[in-house]
Structures are given as structure tokens and as C-alpha cells.
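Notes follow the structure.
There are 2 protein chains.
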Amino acid sequence: MPYLRVAAAQLNLTVGDLEGNTARMLDAYDQAAAAGADLVAFPELAVTGYPPEDLLLRRAFVGQAQDALAKLAARTGRTAAIVGFPELDGALYNSAAVCAHGQVLGVYRKHLLPNYAVFDEERYFEPWPGDGPLFRIAGARVAVTVCEDAWSETGPIRTQAQSGAELVVNINASPYYAGRLGERERMLAERATDAGVPVLYVNLVGGQDELVFDGASMVIDATGAVLARAVQFEDALLVVDLLVPERKTSGPVLSEVEVCAVEDHDGTAVPAIAPALEPVPEVYEALVVGTRDYVRKNGFTEAVIGLSGGIDSALVAAIATDALGPENVVGVMMPSRFSSGGSVTDSEDLAANLGIRTLTIPIEPAHQAFLDMLTEPFAGLDPGLAEENVQARVRGTILMTLSNKLGWLVLTTGNKSEMAVGYATLYGDMAGGFAVVKDVPKLLVYALCRDRNARAGRVVIPTSIIDKPPSAELRPDQLDIDSLPAYEVLDPIIEGYVEDDKSIADLEAEAHDPETVRRVAALIDRNEYKRRQAPPGVRVSPKAFGKDRRLPITNRWPG
Amino acid sequence: MPYLRVAAAQLNLTVGDLEGNTARMLDAYDQAAAAGADLVAFPELAVTGYPPEDLLLRRAFVGQAQDALAKLAARTGRTAAIVGFPELDGALYNSAAVCAHGQVLGVYRKHLLPNYAVFDEERYFEPWPGDGPLFRIAGARVAVTVCEDAWSETGPIRTQAQSGAELVVNINASPYYAGRLGERERMLAERATDAGVPVLYVNLVGGQDELVFDGASMVIDATGAVLARAVQFEDALLVVDLLVPERKTSGPVLSEVEVCAVEDHDGTAVPAIAPALEPVPEVYEALVVGTRDYVRKNGFTEAVIGLSGGIDSALVAAIATDALGPENVVGVMMPSRFSSGGSVTDSEDLAANLGIRTLTIPIEPAHQAFLDMLTEPFAGLDPGLAEENVQARVRGTILMTLSNKLGWLVLTTGNKSEMAVGYATLYGDMAGGFAVVKDVPKLLVYALCRDRNARAGRVVIPTSIIDKPPSAELRPDQLDIDSLPAYEVLDPIIEGYVEDDKSIADLEAEAHDPETVRRVAALIDRNEYKRRQAPPGVRVSPKAFGKDRRLPITNRWPG
Chain S
1 MPYLRVAAAQ
11 LNLTVGDLEG
21 NTARMLDAYD
31 QAAAAGADLV
41 AFPELAVTGY
51 PPEDLLLRRA
61 FVGQAQDALA
71 KLAARTGRTA
81 AIVGFPELDG
91 ALYNSAAVCA
101 HGQVLGVYRK
111 HLLPNYAVFD
121 EERYFEPWPG
131 DGPLFRIAGA
141 RVAVTVCEDA
151 WSETGPIRTQ
161 AQSGAELVVN
171 INASPYYAGR
181 LGERERMLAE
191 RATDAGVPVL
201 YVNLVGGQDE
211 LVFDGASMVI
221 DATGAVLARA
231 VQFEDALLVV
241 DLLVPERKTS
251 GPVLSEVEVC
261 AVEDHDGTAV
271 PAIAPALEPV
281 PEVYEALVVG
291 TRDYVRKNGF
301 TEAVIGLSGG
311 IDSALVAAIA
321 TDALGPENVV
331 GVMMPSRFSS
341 GGSVTDSEDL
351 AANLGIRTLT
361 IPIEPAHQAF
371 LDMLTEPFAG
381 LDPGLAEENV
391 QARVRGTILM
401 TLSNKLGWLV
411 LTTGNKSEMA
421 VGYATLYGDM
431 AGGFAVVKDV
441 PKLLVYALCR
451 DRNARAGRVV
461 IPTSIIDKPP
471 SAELRPDQLD
481 IDSLPAYEVL
491 DPIIEGYVED
501 DKSIADLEAE
511 AHDPETVRRV
521 AALIDRNEYK
531 RRQAPPGVRV
541 SPKAFGKDRR
551 LPITNRWPG
Chain W
560 MPYLRVAAAQ
570 LNLTVGDLEG
580 NTARMLDAYD
590 QAAAAGADLV
600 AFPELAVTGY
610 PPEDLLLRRA
620 FVGQAQDALA
630 KLAARTGRTA
640 AIVGFPELDG
650 ALYNSAAVCA
660 HGQVLGVYRK
670 HLLPNYAVFD
680 EERYFEPWPG
690 DGPLFRIAGA
700 RVAVTVCEDA
710 WSETGPIRTQ
720 AQSGAELVVN
730 INASPYYAGR
740 LGERERMLAE
750 RATDAGVPVL
760 YVNLVGGQDE
770 LVFDGASMVI
780 DATGAVLARA
790 VQFEDALLVV
800 DLLVPERKTS
810 GPVLSEVEVC
820 AVEDHDGTAV
830 PAIAPALEPV
840 PEVYEALVVG
850 TRDYVRKNGF
860 TEAVIGLSGG
870 IDSALVAAIA
880 TDALGPENVV
890 GVMMPSRFSS
900 GGSVTDSEDL
910 AANLGIRTLT
920 IPIEPAHQAF
930 LDMLTEPFAG
940 LDPGLAEENV
950 QARVRGTILM
960 TLSNKLGWLV
970 LTTGNKSEMA
980 VGYATLYGDM
990 AGGFAVVKDV
1000 PKLLVYALCR
1010 DRNARAGRVV
1020 IPTSIIDKPP
1030 SAELRPDQLD
1040 IDSLPAYEVL
1050 DPIIEGYVED
1060 DKSIADLEAE
1070 AHDPETVRRV
1080 AALIDRNEYK
1090 RRQAPPGVRV
1100 SPKAFGKDRR
1110 LPITNRWPG
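Line order of the protein sequences matches chains S and W.
Under my numbering, think of the first position of the first sequence as 1, with each following residue one higher.
Under my numbering, think of the first position of the second sequence as 560, with each following residue one higher.
Here you go:
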């Protein structure tokens, strides 16, 4: 019975950084080889980072990615490296190369291409309709699959198992959303038990624009049990000794590629299961990693946040501090004539608790200047939303000017509930480079703040910020509740309409108030134009605004 | 030999307006029936408008679209209506229903689903792998195909022709770009001659977010000649008498659906070929229609434009005036301390020539207020780009405040050259609802202005605006040429890098200056974050910024 030492190299790679990605992979390869691994699996499209999007339409990019793979393969020895890369051979394939002894010894091409949600793989790749080879690694027949291939019970794993595969390696770039790890484990357990073989699952980590990859690479045994799992959201090299029972071929005979011979291993690699994060801290960690990587991978060090005294900006400041360090975060207080006293003092407390710098720039001079400049065109008209938006736009301009001058990336603070119904000012509080909590509904904002305090064992986000009724403070005594339903009512309607694509009739049937449902649905539809101009932000739900949800702006369907 | 009277109903439909679209189609149906047509073809997905995007993921939407089709079918008589609709039957298909005598008599399902450029059809639809039926209409065997089906020489038309089809109807939602009409005619001529049968091609018209559909529905005879063509960009009902030679089946026998019997026709429908627009006026017309439909279909009547005295805002003002009428366009002059005298007087001349209203709001008060507010944080730093952007953002705020107060849609004025290299201020001159010329390179901006004047037979856009050297006027004596290569150098590099996906090496090999190529490519890549927050605008090139070009913001590939 072959006894394999398998490794999953869970790495934070960067889209387009062919050289950097290859260097990171070679580091991990050397570690795996030094640990005596028979094989080490890297994520899907590891060479390019994921998703490379329309870079894949550039022939020069694909050519250089293939060159990078060849360079990596040339550095391999006995330990087999399984490496995701874009393979141009007439058509373009999403492929996994099996490399050892200085060469690419064989290639597996992805069969099932996801083209839903955030995925556009049919835009770039041809699906491979035939079977792939099996790879003889240290005496075992190893099947390779790429991501989506594992999600279908009629997919390639079935054939591979029938053909005598003794281990399935599945390489992934599987983005996070809340609850995703459990779905993956259930799916892999099904595949492993159906096939009767263990599965080595390797996943990417790190943020890429809207997406964050959570890692949690794992080994599932042939009974469907999780044998080993790497930490979430961080680089890891998971090394596991695996007894691989010999199996007979009962199905089609696949071609076999000889990769490396059996060799004795030093010591043992004992499987360990890293604990999974609890639901709320898991979302928090996704937000931290997504923010850190967006900032750093785009060449920024410092970030700036407008602190309103409200809970959204407090949460974003906490996340940014955890992501970048307090020395790299600046909070700006920009009180107006309508700001409550607490808006500045609460923000000062928050900043002190986080240890971040602050600036205070009252907006009155510019605010009044705009009102004066517009007196003539607005003669005879009552003040209203337009004047409220001016204040938000003055603040947006201040933050962007600080950003332009001092190189700080502006983090915006709008949550998913606000983004949904358009309770935000375009070019005002929506102005910035990254919208940290745009996929976090308001009720979850509260939960994240409470949990952050609880984990710290002290008040980080001041209780007065958590307890005050939500207000934009753009006119005297304004409260969110004046314009919107209570968040306890609003959030479930948004979830149904946005994430679950329910209709107005569906939601009414769920005993939501019909008038409220209609109003919320109309607000969501009508504000598509605002969201289209919003900065990207971390996706943490099964359906985020952004490339996950592609609705026309011009749209007369009433829902 | 059957003699058919065929009609193409080229209509401006609206995404999501199931009721309105059906009503427009019934009007056209009644006209076609009154004209004695044997069949009338409507565009692809006519019931829903195109592209409905993620509305197709809503079951209620698809259900209501099918109901709308049934309602339309119920109103049909002898004249066959060929109607595009989304068909849910287990999977979702992009289908064409053939309706007559009050019923849907048969359905054809699209085989080839475009999933490139602006198209995402694999996201929504299943391709139909089998053959469709032929339809017996007034004695002729009629084959139906949907859009992309016609673009492959090995596509369904080959089989349909071998099976004895005597006429091919191809229903489309084919978006415009410069040169597209000629490509379509060449393709259709090939298909018609290969098949040896005439083709009736019907296309959508009108704007939908980034896309504009140009119509130009046509009949190609079996020799590949254009027999009739409808006008571009406008509603039309093209009615043509067509001699359809009987053909024998040489290939697979397809099922046949009886639709309607032969009937004598009154009079004759003489084919006419509407003249095609010349290249530059054609782009202009696309911009006019795209702008008009974005404004109107989103419920606006009036538009506002910041008039800088430069050529871009002059062109946008002319387009808006032609699109909406002079009574619905407002030009706002917002001079700063750095504005030239000409910036206001040239804009006044332009506004007088166009007959539009103007407002003048000098930005000095808010400009100075911001500088004062930022004195402390900027102490010791030289003024530069940040201070320049403040001026643009003050202007953006003024326009948006006018918009919020008075219900005017803000049209932005940045051209494709500026959008490419990021020579624009986010939340400043980029602030607005629709970016009319964002896909028009600067050199084409000049050509469009000259042509607009030439067609008017008088100076509409003042010569001084066309002749002055381009300048943002954000600091004393500033010229575009200080920051960017001359547009004669810049535009071809942008076209190569953006539209043709050429690499830096490719462009250097074309004898562009290597340092300039590198600089321009780096600017294009680095400014993806700005474009991601830009408003939509009319696509007039084969590759526009927007959903046509999906590049990661986080991207380390140097090009």
C-alpha cells in the first residue's frame, strides 16, 4: 500500500505578478521538497494569480505565463509540483502542469468552467471534453482536477476513480463568502466517498479586488472525513502523510504519466486540523485580509478614513488598523453645522483606542461657499437633499485631496444596506479607493463591532458609537429611520431581493409588509447607477454588488 | 415559386419594459399585417429588451416575459410573428417563437451563445445542441436563427439550407461600433451565397446603458446582394416582396411546422436600400441616440454640461442638443482663477449657436475655502496635482448639486484618450450620469466637431474652440502637451494597447517610441481604478472601456 507524503502550498499570489508568484512558489516548493513531500500542489492559475480577467486575452501575457511555468518546472527535482497555469495550445485551457525532474511531465485541462456569479471562465477558456492522464507519483496513481471539476458528481473525478485513481488532487482559486468552507467540506466529502479515494484540496489565499480567497486547504480521506486542514486566510504549507490503498481499474483505461518513484520518508508528517474561525470573526478576518491586500498590492501603505462618529466608519477604522497597523491609518473628523457634539468626541475616543492619528477639518467654510455660490440658481427653492449632499461632497473632496497630496488611500464606509437602497452620496461618502464594508449589511456591522470588542476584551469601538441611533447628520435631528425602514426590517428584504433574486411577490408571501417591500425594491433598482460608480469592496456574502450582480441601469422592470 | 412578403420590425425597445415592448411590437405587427406581410420578424429577446443581464436570473422576470409572449401570440392572425424571448424549459434558452393564428406554433432555440466582448450569454442560457424545425410560411420553408447563429459557417444555417430551407430569418440584437454594418453585410452575403437562400436580417435600435443598437435591418438575396435595408438608428418597418425559389432537401430532414397558407398580396412592396451614413456622421448619430435613450429611458428630460471652453464639452453640448433639443440642455460655465478669458466667451458663443441656456458660477469661493481648510495639513508642501483636482471637484459638486436640485442629468465630457491615461479627475470632471464621448479618442473628437459644422453649413462649434491648444486650465498656462504626448502620437498607441490587446513589445515593433509606449501603457494600467468608477457612455469602437474590457485593478503585469 503506497504511503505518500503530500503537500498543499496555500499561497497569497498577486494577479499579473508572474515573477513574484513564481518566486513564492519556488520557496514553497523548496520547503516541501525539504520536508520530503512526494508532491506539492499549488492553487489554480497560480502562475498568473486569480482571476487574471482580460489579461488572458493578451497573447504576450499568456506567453510569459507559460515561460514562467517552464522556469519553475526547470527548478523541480523528485518532488512533483502541480501548478495551475493558462495553457495556449490552439485554444486556451485552464490547466494544471505536473512538473518534476526539471520538466513539465504532463498536463491536465479543466473540464467544467464556471461562468456564473463572479466567474467568467467561458470568456477565456475552452473546456476540455476528454479525459486527462493519471500521474504515477511515488507508486500511487494520482488524478488531478481543477476547482469546478470537483463540484459535479458526474464530473471527471467519477471517471478518474473508475480508472483506478488512488488520490485526487484538486487545485483551487475558490473565493470566500460566509458559509463557504462548510459547503466545500460537504462537497469534498461526497466526492471522496463516492470515489472511494482521498482528496487533496489546495486553495489560494489573499485579496484580489472584490474577492478574498480564504485558503483552508485540506485533505479529505476516503471516508469523507477531514484529515487535515490549513489555517484560513494565511499562507501555509500543509504536509500530510497519507496511506493510499491500491485500487484496480474498473472503468476506462486512462493514459499514465510516470512522475517519480517511491522513496523512503524521514520522520512523519502528522495531520493537523487548524480550527475554523467562528462565523462573525471569520467575516472580520476576510475584511481585514481583503483590505490589506487591496491597499498593499496596489502600492499603498497608508489609508485615510472619514470618521463621522457613526458605527460604519468606526468598524472600517478598526478593520484598517488591524489590516495595516495603527501607524498607517489616519482618521479625519469633518464636523459640519449639523454634527452632534458626540460625532467628534466619540471619534476621538475611537482613534485613541485604536492608536491611530487624527485630523479635524470642519467643513463649514466650503459648505457655506457652495450655498452662497448656488443662491441664485436655487432662488425660491427650499433646501433639501441637494444641500445635504453638498456636505458629503465637501467631505469627499477633502479626503481625496488628502489622498492626492499625501498618498493615503481613501477607505469608504458605506455598508451593504446603504449601498442597496442608495442611502449614500455619490462623490461624497462614496468617494474613495476601496469600500471595505460594502457587502456587510447594517445588522452585521453591529455584530462585527460587538465581536471585535469582545475579542479584544476591552472597549475598542466606544459603546456610545454602537448604541446611538444611526444618523447621517446632514440636517438637524436627522435619523436613518426617517428615510428608511428599521434595519431589522430592511436587511432581510435586501437579502431576499438581492442575494436570493426573490420577486416582490415572493417577499410579500413571506409576510413582509407589501408597501415596504415595494419601496425597498424600487430603491434598490433605482440606485443601480450609484453602485456602478462605487469603489470595489470585499465580497463576504454569496452575492455582492459588483461583478457578482450584473443588472442594467436602464431597467423598467418593477421587480 | 413562392412569393413571400416579408417584414422586419426594427424597434427601439427598453430592457425590462415587458408591457411597453409588447405594445410596440403589436403596433408594428398590425402595420405589417395591414401591409399584407406573410411574416414579420422582431429583434432578438424583443420581449425583454437586450441585454436583460441578471434580470434573467429572476424567475419572476422570465415568467412574466413568457406571459407577455403568450399575450402577443394571442393577438396574431395569419401573418406570422417571429419574436425573440427567454424560454424556460428546464434550462433557459434564448429563443425565437413563431406565432400565428393566436398561438405560439413553434420555437427555435439559439445554438451559438456569444460570451466575449460585451456579451455574457453563457451566464444565462443553455446553447441548444440539436436542430430546430423549419416553418411553412405561405408555401415557403423558412428557417429561423438568432444573431450569433449566423456568424459561423458551420453553424445552423448550413444544416437548415441542406434540409431545404428557402429563406433564413435571422433575428438580432447586434450592438453598433464603427465599421460594424460592413462586417455584417459581408457575413450575411457569405451565409446567403453558401446556403443559396435569401436572408432576412432584423436588428434592434436604440441605446441601452453602454450599448447602442443601429438597426439597418436588411434583406440579402441568394447571390449575396443587399436587396433592401432599413435606416440606421431609427424605428422602421421594412417590407419586401421576395421571390423564394423552391429547394429540395439534400441533408437531414428537419421537422416542419405549418404556420400559414399562401395568400395573394395587394400591390407590391418594392425593396429600397436606405443610404448608409458616412463613417464620422455615423459615430455622431450613435452618440446622439445613445445619449437620448440613456437620458429618456432613465426618466430624465433635461441635461446639464460643464462648458470649459474646450472642444470635448463643446462636442458633448452639440450632441446633447441634437439628442434632447436645445430647450432641454443647460451649459454651466465655472471659471476659476486660472481660466482663460476665452473659456467663458467661447462657451457663450457655443451656447448661442446651439440655442441652449447657460449659467455662470465662478468657483473661486469654494476653491479658496478648500485651500484655506487644507493649509494646516499641507503646510510646507508645494501646490500641485491635489490642488488642481480640487478645482475639478468643486465643479463636479456644483453640477451634481444642480442635478440633485433641478432634476438635470449631468453629462460628463471626458474622451477616450483621457479615460485611457487617466487625464481626468475622479469625482471632478468624471462626475455625472453619462459619459457621452468616453469611447471617442481625441482625434475623432476633432473630426466630429468639424463634421458637425460642415453638415450644418455654418459654425456651430466656434472655430476658436476647435483651434485652441487643448488645456485643462487647472494651473497657469497649462497645456495637455505638458503632461501627455501629442494626441497624434497618443491615440494610435491607445488603440493598439486597448482595442487590439497589443503588448508593449508589439507596439515598439511598430516603430512607436519605446519610452512613450511604456509610459502610456503604464498610465493605462494604473488608471483602471478611475475607469471603474466612471459613468457609462456610448460604445462606438470595437473595444470600449466598460464591460467590454474587464481588467483587474490589482494587476502587476507591466504590459
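Don't be surprised by glycine CBs; every beta carbon is placed ideally from N, CA and C.
Asked: Rounded straight-line distance, which links the Cα of E348/S to that of D38/S; Found: 55 Å
Asked: Cβ contact check for the region 185-201 of chain S and the region 218-231 of chain S: 3 or more pairs under 8 Å; Found: yes
Asked: Pair within 7 Å by beta-carbon distance, G884/W and G766/W; Found: no
Asked: Cβ-based contacts, 8 Å cut-off: residues of the region 734-754 of chain W near chain S; Found: none
Asked: Residues bridged to I1120/W [DSSP beta-bridge criterion]; Found: With chain W covering 560 to 1118 only, the question about residue 1120/W has no answer from this structure.
Asked: Minimum C-alpha distance to L740/W - residue among F684/W, A845/W and E681/W; Found: A845/W
Asked: Residue range of the unbroken beta strand (DSSP E) whose run includes R564/W; Found: Y562 to Q569
Asked: Boundaries of the alpha helix (DSSP H) in which D480/S is found, first to last residue; Found: D480 to S483
Asked: At least 3 beta-carbon pairs within less than 8 Å: the region 80-89 of chain S vs the region 131-150 of chain S; Found: yes
Asked: Own chain partners of T249/S with C-beta closer than 6 Å, once the 5 adjacent residues on each side are dropped; Found: S163 and G164
Asked: Neighbourhood of A873/W by C-beta distance below 6 Å, restricted to the same chain and skipping five residues each side; Found: L909, I1020 and I1024
Asked: For L307/S, the three-state DSSP class (helix, strand or coil); Found: coil
Asked: Backbone secondary structure at P811/W - three-state DSSP; Found: coil
Asked: 6 Å CB neighbourhood of Y284/S in its chain, flanking five on each side removed; Found: L448
Asked: Within-7 Å CB hit, G537/S to chain W; Found: no
Asked: P377/S at chain W interface by Cβ criterion, 7 Å; Found: yes
Asked: Exposure of P1095/W, with buried meaning 16 or more beta-carbon neighbours within 10 Å; Found: buried
Asked: Whole alpha helix (DSSP H) elements within the region 730-768 of chain W, 4-residue minimum; Found: 739-754
Asked: Cβ of R556/S within 7 Å of any chain W Cβ; Found: yes
Asked: Beta strand (DSSP E) segment containing N653/W, residue limits; Found: A650 to A659
Asked: Segments of 3+ residues assigned as beta strand (DSSP E) that fall wholly inside the region 885-910 of chain W; Found: 888-892
Asked: Nearest candidate by alpha-carbon position, reference R191/S, set D451/S, L113/S, A222/S and A178/S; Found: A222/S
Asked: At least 3 beta-carbon pairs within less than 8 Å: the region 952-961 of chain W vs the region 851-867 of chain W; Found: yes
Asked: In DSSP terms, what D773/W is bridged to; Found: V764/W
Asked: Rounded distance between the beta-carbons of K975/W and P1000/W, thought under 8 Å; Found: 5 Å
Asked: Given 8 Å, three or more beta-carbon pairs between the region 702-718 of chain W and the region 613-631 of chain W; Found: no
Asked: Run of the alpha helix (DSSP H) containing T397/S, from where it starts to where it stops; Found: L385 to L406
Asked: Where L1049/W falls, given that 16 or more other Cβ within 10 Å makes a residue buried; Found: buried
Asked: Cβ separation of L11/S and P52/S, assumed to be a contact under 8 Å, to the nearest whole Å; Found: Wrong, their Cβ atoms sit about 16 Å apart, outside the cutoff.
Asked: Test item: CB-CB of A352/S and V394/S under 7 Å; Found: no
Asked: Best match in Y1088/W, V1099/W, R1115/W and K1106/W for proximity to Y736/W [C-alpha to C-alpha]; Found: V1099/W
Asked: Integer-rounded CB distance, given that A173/S should sit under 8 Å from F213/S; Found: 6 Å
Asked: Endpoints, the alpha helix (DSSP H) within which V842/W is located; Found: P838 to K856
Asked: Min CB distance S503/S to chain W below 7 Å; Found: yes
Asked: DSSP three-state assignment for R695/W, whether helix, strand or coil; Found: strand
Asked: Within 8 Å of chain W by C-beta, residues of the region 108-122 of chain S in sequence order; Found: N115, Y116, D120 and E122
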